[in-house]
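Trainee:
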Amino acid sequence: MDLKFGLKLWSINTDLIDEAIALIDEKIFYYIELFVIPETDVFPFLFDVPYIIHIPHHKFKVNIGDSSLKEYNLHKIDESIEWADKLNAKFLILHSGHGSMKDAKDILYEIDDKRILIENMPKVGLDNEDMIGYSPGQIEELLDIRDFGMCLDFGHAVKAALSLGVDYKEFVQEFMKLEPRVFHISDGKLNYEKDEHLGIGFGEYDIDFFMRSVKRRHHNMVTVETPRATQKSLAEDVENVEKIYDMTKQSFKGD
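Here the numbering used here is used: position 40 in the sequence shown is 41, and no number is missing along the way.
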(Lines of atoms letter the chains of each structure in order from A and count residues from 1; the text may use other names and numbers.)
(Lines give C-alpha, C1' and ligand atoms only; values in the text may rest on other atoms or scores of the structure.)
Protein backbone atom coordinates (compact mmCIF):
# COMPACT_ATOMS: atom_id res chain seq x y z
CA MET A 1 0.00 0.00 0.00
CA ASP A 2 1.38 3.42 -0.96
CA LEU A 3 2.09 5.83 1.86
CA LYS A 4 0.07 9.04 1.93
CA PHE A 5 1.94 11.78 3.71
CA GLY A 6 0.10 14.58 5.47
CA LEU A 7 1.25 18.15 6.01
CA LYS A 8 0.86 19.60 9.51
CA LEU A 9 -0.45 23.17 9.66
CA TRP A 10 -1.77 25.25 12.52
CA SER A 11 -4.79 27.46 11.99
CA ILE A 12 -2.55 30.54 12.27
CA ASN A 13 -0.60 29.40 9.17
CA THR A 14 -2.94 31.16 6.77
CA ASP A 15 -0.04 32.41 4.64
CA LEU A 16 1.03 28.82 3.90
CA ILE A 17 -2.26 27.47 2.59
CA ASP A 18 -1.59 28.26 -1.09
CA GLU A 19 1.78 26.52 -0.96
CA ALA A 20 0.18 23.59 0.87
CA ILE A 21 -2.48 23.19 -1.82
CA ALA A 22 0.20 23.27 -4.52
CA LEU A 23 2.10 20.46 -2.76
CA ILE A 24 -1.09 18.41 -2.61
CA ASP A 25 -1.68 19.02 -6.32
CA GLU A 26 1.87 17.77 -6.93
CA LYS A 27 1.09 14.68 -4.79
CA ILE A 28 4.00 15.33 -2.45
CA PHE A 29 1.41 15.52 0.31
CA TYR A 30 -2.07 14.04 0.19
CA TYR A 31 -3.86 15.86 2.99
CA ILE A 32 -3.53 18.64 5.55
CA GLU A 33 -3.66 17.91 9.27
CA LEU A 34 -4.90 21.20 10.66
CA PHE A 35 -4.35 22.01 14.33
CA VAL A 36 -7.17 24.25 15.54
CA ILE A 37 -5.88 27.10 17.69
CA PRO A 38 -8.69 28.67 19.76
CA GLU A 39 -10.06 32.01 18.55
CA THR A 40 -8.97 31.50 14.94
CA ASP A 41 -11.19 31.39 11.85
CA VAL A 42 -11.87 28.45 9.56
CA PHE A 43 -12.59 30.70 6.56
CA PRO A 44 -9.01 30.87 5.14
CA PHE A 45 -8.94 27.07 4.91
CA LEU A 46 -12.19 26.54 3.02
CA PHE A 47 -10.62 24.79 0.05
CA ASP A 48 -11.53 21.48 -1.54
CA VAL A 49 -8.56 19.49 -0.23
CA PRO A 50 -8.48 16.50 2.15
CA TYR A 51 -8.29 17.49 5.81
CA ILE A 52 -7.78 15.94 9.21
CA ILE A 53 -8.48 18.14 12.23
CA HIS A 54 -6.27 18.12 15.32
CA ILE A 55 -8.18 19.25 18.40
CA PRO A 56 -6.33 21.71 20.70
CA HIS A 57 -4.27 20.08 23.46
CA HIS A 58 -3.01 20.97 26.94
CA LYS A 59 -1.03 23.98 25.73
CA PHE A 60 -4.43 25.52 25.04
CA LYS A 61 -5.96 24.15 28.27
CA VAL A 62 -7.69 21.21 26.59
CA ASN A 63 -6.95 18.16 28.75
CA ILE A 64 -9.51 15.38 29.02
CA GLY A 65 -7.71 14.01 32.10
CA ASP A 66 -8.77 17.00 34.22
CA SER A 67 -12.41 17.04 35.36
CA SER A 68 -12.16 20.70 36.40
CA LEU A 69 -11.80 21.56 32.69
CA LYS A 70 -14.66 19.36 31.53
CA GLU A 71 -16.99 22.12 30.32
CA TYR A 72 -14.16 23.96 28.56
CA ASN A 73 -12.87 20.71 27.04
CA LEU A 74 -16.26 19.80 25.61
CA HIS A 75 -16.72 23.31 24.22
CA LYS A 76 -13.36 23.27 22.43
CA ILE A 77 -13.92 19.74 21.14
CA ASP A 78 -17.32 20.81 19.78
CA GLU A 79 -15.66 23.78 18.06
CA SER A 80 -13.19 21.43 16.39
CA ILE A 81 -16.05 19.19 15.28
CA GLU A 82 -17.62 22.24 13.64
CA TRP A 83 -14.35 22.89 11.80
CA ALA A 84 -14.30 19.26 10.69
CA ASP A 85 -17.85 19.55 9.38
CA LYS A 86 -17.06 22.71 7.42
CA LEU A 87 -13.87 21.25 5.94
CA ASN A 88 -15.33 17.77 5.39
CA ALA A 89 -12.47 16.35 7.45
CA LYS A 90 -12.06 12.59 7.57
CA PHE A 91 -10.85 12.42 11.18
CA LEU A 92 -10.36 14.49 14.32
CA ILE A 93 -7.36 13.73 16.52
CA LEU A 94 -7.58 14.14 20.30
CA HIS A 95 -4.70 13.85 22.77
CA SER A 96 -5.38 11.48 25.65
CA GLY A 97 -3.92 14.11 27.98
CA HIS A 98 -2.59 13.80 31.52
CA GLY A 99 -3.96 13.37 35.02
CA SER A 100 -6.85 11.01 35.72
CA MET A 101 -7.78 8.05 33.54
CA LYS A 102 -11.25 8.12 35.10
CA ASP A 103 -11.74 11.79 34.17
CA ALA A 104 -10.61 11.05 30.63
CA LYS A 105 -13.12 8.21 30.33
CA ASP A 106 -15.92 10.34 31.76
CA ILE A 107 -15.50 13.05 29.14
CA LEU A 108 -15.12 10.57 26.29
CA TYR A 109 -18.51 9.09 27.19
CA GLU A 110 -19.99 12.48 26.25
CA ILE A 111 -18.36 12.71 22.82
CA ASP A 112 -20.30 11.01 20.05
CA ASP A 113 -18.39 11.38 16.79
CA LYS A 114 -16.96 8.32 15.05
CA ARG A 115 -14.29 10.45 13.37
CA ILE A 116 -12.49 10.94 16.69
CA LEU A 117 -9.06 9.29 16.93
CA ILE A 118 -7.30 9.10 20.30
CA GLU A 119 -3.57 9.83 20.13
CA ASN A 120 -1.09 7.98 22.35
CA MET A 121 1.18 9.97 24.65
CA PRO A 122 4.68 9.64 26.14
CA LYS A 123 4.65 8.38 29.72
CA VAL A 124 6.27 11.54 31.11
CA GLY A 125 5.13 14.99 30.01
CA LEU A 126 7.38 17.92 29.20
CA ASP A 127 6.64 19.34 32.66
CA ASN A 128 6.87 15.89 34.30
CA GLU A 129 3.12 15.28 34.10
CA ASP A 130 1.78 11.74 34.43
CA MET A 131 0.42 11.21 30.95
CA ILE A 132 -2.62 9.13 30.00
CA GLY A 133 -2.71 6.75 27.06
CA TYR A 134 0.99 5.97 26.95
CA SER A 135 0.50 2.20 26.72
CA PRO A 136 -1.47 -0.02 24.33
CA GLY A 137 -3.62 -1.19 27.25
CA GLN A 138 -4.60 2.32 28.29
CA ILE A 139 -5.33 3.39 24.73
CA GLU A 140 -7.49 0.33 24.18
CA GLU A 141 -9.54 1.23 27.28
CA LEU A 142 -10.15 4.72 25.87
CA LEU A 143 -10.99 3.47 22.38
CA ASP A 144 -13.54 1.01 23.69
CA ILE A 145 -15.64 3.73 25.35
CA ARG A 146 -17.33 4.71 22.09
CA ASP A 147 -15.52 2.61 19.51
CA PHE A 148 -13.08 5.43 18.73
CA GLY A 149 -10.14 4.95 16.40
CA MET A 150 -6.47 5.54 17.17
CA CYS A 151 -3.75 7.90 15.96
CA LEU A 152 -0.34 6.35 16.58
CA ASP A 153 2.41 8.87 17.19
CA PHE A 154 5.58 6.85 16.69
CA GLY A 155 7.71 9.33 18.62
CA HIS A 156 5.38 9.27 21.62
CA ALA A 157 5.48 5.47 21.58
CA VAL A 158 9.29 5.49 21.56
CA LYS A 159 9.39 7.88 24.51
CA ALA A 160 6.95 5.77 26.52
CA ALA A 161 9.00 2.65 25.78
CA LEU A 162 12.14 4.41 27.04
CA SER A 163 10.35 5.34 30.27
CA LEU A 164 9.16 1.77 30.73
CA GLY A 165 12.53 0.25 29.85
CA VAL A 166 11.17 -1.91 27.04
CA ASP A 167 12.15 -2.42 23.41
CA TYR A 168 10.50 0.37 21.43
CA LYS A 169 9.98 -1.72 18.30
CA GLU A 170 8.14 -4.43 20.19
CA PHE A 171 6.14 -1.70 21.96
CA VAL A 172 5.15 -0.14 18.62
CA GLN A 173 4.03 -3.53 17.34
CA GLU A 174 1.66 -3.84 20.29
CA PHE A 175 0.12 -0.50 19.32
CA MET A 176 -0.19 -1.67 15.72
CA LYS A 177 -2.57 -4.41 16.86
CA LEU A 178 -5.08 -1.63 17.62
CA GLU A 179 -5.20 -0.81 13.88
CA PRO A 180 -4.29 2.89 13.97
CA ARG A 181 -5.95 4.90 11.22
CA VAL A 182 -3.46 7.78 11.16
CA PHE A 183 0.23 7.92 12.07
CA HIS A 184 2.55 10.74 13.17
CA ILE A 185 6.22 10.60 12.19
CA SER A 186 9.22 12.57 13.44
CA ASP A 187 12.72 11.76 14.66
CA GLY A 188 14.21 11.81 18.15
CA LYS A 189 16.91 10.60 20.53
CA LEU A 190 16.95 7.24 22.27
CA ASN A 191 18.43 8.51 25.54
CA TYR A 192 15.72 11.06 26.40
CA GLU A 193 12.21 10.10 27.54
CA LYS A 194 10.39 13.39 26.98
CA ASP A 195 8.65 14.40 23.78
CA GLU A 196 10.70 15.91 20.98
CA HIS A 197 9.90 16.29 17.31
CA LEU A 198 13.19 16.40 15.45
CA GLY A 199 13.59 16.58 11.70
CA ILE A 200 14.07 13.28 9.89
CA GLY A 201 17.72 12.24 10.15
CA PHE A 202 18.43 14.43 13.18
CA GLY A 203 17.62 11.63 15.64
CA GLU A 204 18.15 7.92 16.13
CA TYR A 205 14.76 6.37 15.37
CA ASP A 206 14.51 3.57 12.83
CA ILE A 207 12.35 5.43 10.31
CA ASP A 208 12.43 2.48 7.93
CA PHE A 209 10.94 0.27 10.64
CA PHE A 210 8.10 2.73 11.21
CA MET A 211 7.24 2.95 7.53
CA ARG A 212 7.41 -0.82 7.04
CA SER A 213 5.00 -1.17 9.95
CA VAL A 214 2.55 1.17 8.21
CA LYS A 215 2.87 -0.59 4.86
CA ARG A 216 1.74 -3.87 6.42
CA ARG A 217 -1.55 -2.37 7.59
CA HIS A 218 -4.80 -1.20 6.02
CA HIS A 219 -4.34 2.49 6.83
CA ASN A 220 -1.60 4.57 5.23
CA MET A 221 -2.03 8.23 6.30
CA VAL A 222 1.22 9.50 7.85
CA THR A 223 1.43 13.09 9.09
CA VAL A 224 4.94 14.54 9.06
CA GLU A 225 5.38 16.31 12.42
CA THR A 226 8.79 17.89 12.04
CA PRO A 227 9.95 21.41 12.95
CA ARG A 228 10.34 24.37 10.61
CA ALA A 229 13.11 26.93 11.03
CA THR A 230 10.82 29.38 9.28
CA GLN A 231 7.04 29.60 9.20
CA LYS A 232 7.18 31.27 5.79
CA SER A 233 7.93 28.15 3.72
CA LEU A 234 7.14 24.44 3.57
CA ALA A 235 10.48 23.53 1.98
CA GLU A 236 11.65 21.70 5.11
CA ASP A 237 8.50 19.59 5.13
CA VAL A 238 9.24 18.52 1.56
CA GLU A 239 12.84 17.73 2.53
CA ASN A 240 11.65 15.54 5.39
CA VAL A 241 9.40 13.54 3.07
CA GLU A 242 12.32 13.09 0.67
CA LYS A 243 14.48 11.85 3.56
CA ILE A 244 11.81 9.32 4.54
CA TYR A 245 11.77 7.98 0.98
CA ASP A 246 15.58 7.83 0.95
CA MET A 247 15.63 5.89 4.23
CA THR A 248 13.01 3.41 3.07
CA LYS A 249 13.77 2.97 -0.65
CA GLN A 250 15.47 -0.41 -0.18
CA SER A 251 12.53 -1.79 1.78
CA PHE A 252 10.00 -0.56 -0.77
CA LYS A 253 12.03 -1.25 -3.89
CA GLY A 254 9.72 -2.64 -6.53
CA ASP A 255 6.51 -1.54 -4.76
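For every residue, glycine included, the Cβ atom is placed at its ideal position computed from N, Cα and C. All values reported here derive from a predicted model rather than from experimental measurement.
Within this structure, are the beta carbons of D104 and G66 separated by less than 8 angstroms?
Mentor: Mapped onto the sequence shown, residue 104 falls at position 103. Mapped onto the sequence shown, residue 66 falls at position 65. It is a contact, given that the beta carbons lie within the stated cut-off.
Trainee: Would the stretch 173 to 192 count as touching the stretch 143 to 160 if we require 3 or more Cβ pairs under 8 angstroms?
Mentor: They touch, by the three-pair rule.
Trainee: Less than 8 angstroms between C-beta atoms, sequence neighbours within five positions excluded: which residues of the same chain meet that for R229?
Mentor: To locate residue 229, count along the sequence shown from 1; it is residue 228. Result list for R229: L235, E237 and D238, in chain order.
Trainee: For T227, which of helix, strand or coil comes out of DSSP?
Mentor: Within the sequence shown, numbered from 1, the residue matching residue 227 stands at position 226. Of the three classes helix, strand and coil, the one that applies to T227 here is coil, per DSSP.
Trainee: Locate the beta strand (DSSP E) running through E120, then write down its first and last residues.
Mentor: Residue mapping note: residue 120 aligns to position 119 of the sequence shown, counting from 1. Its beta strand (DSSP E) spans residues I117 to E120.
Trainee: Could you compute how far the alpha carbon of F211 sits from the alpha carbon of E194?
Mentor: Position 210 of the sequence shown holds residue 211. Position 193 of the sequence shown holds residue 194. In a straight line, the C-alpha of F211 is about 18 angstroms away from that of E194.
Trainee: Taking only runs of the alpha helix (DSSP H) that begin and end inside the stretch 146 to 197, which ones reach a length of at least 4 residues, in chain order?
Mentor: Segments of the alpha helix (DSSP H) lying fully in the stretch 146 to 197: 155 to 165 and 169 to 177.
Trainee: Which runs of the alpha helix (DSSP H), 4 residues or longer, sit entirely within the stretch 54 to 139?
Mentor: Counting only runs of 4 or more, we get 71 to 88 and 102 to 109.
Trainee: Output needed for F6: all residues of its chain with C-beta closer than 7 angstroms, excluding positions within five of it in sequence on either side, in chain order.
Mentor: Stepping through the sequence shown from its first residue, residue 6 is reached at position 5. F30, Y31, V223, V225 and V242.
Trainee: Taking only the alpha-carbon atoms, compute the straight-line gap between S136 and N121 and give it to the nearest angstrom.
Mentor: As a working note, residue 136 is residue 135 in the sequence shown. As a working note, residue 121 is residue 120 in the sequence shown. Roughly 7 angstroms separates the two Cα atoms.
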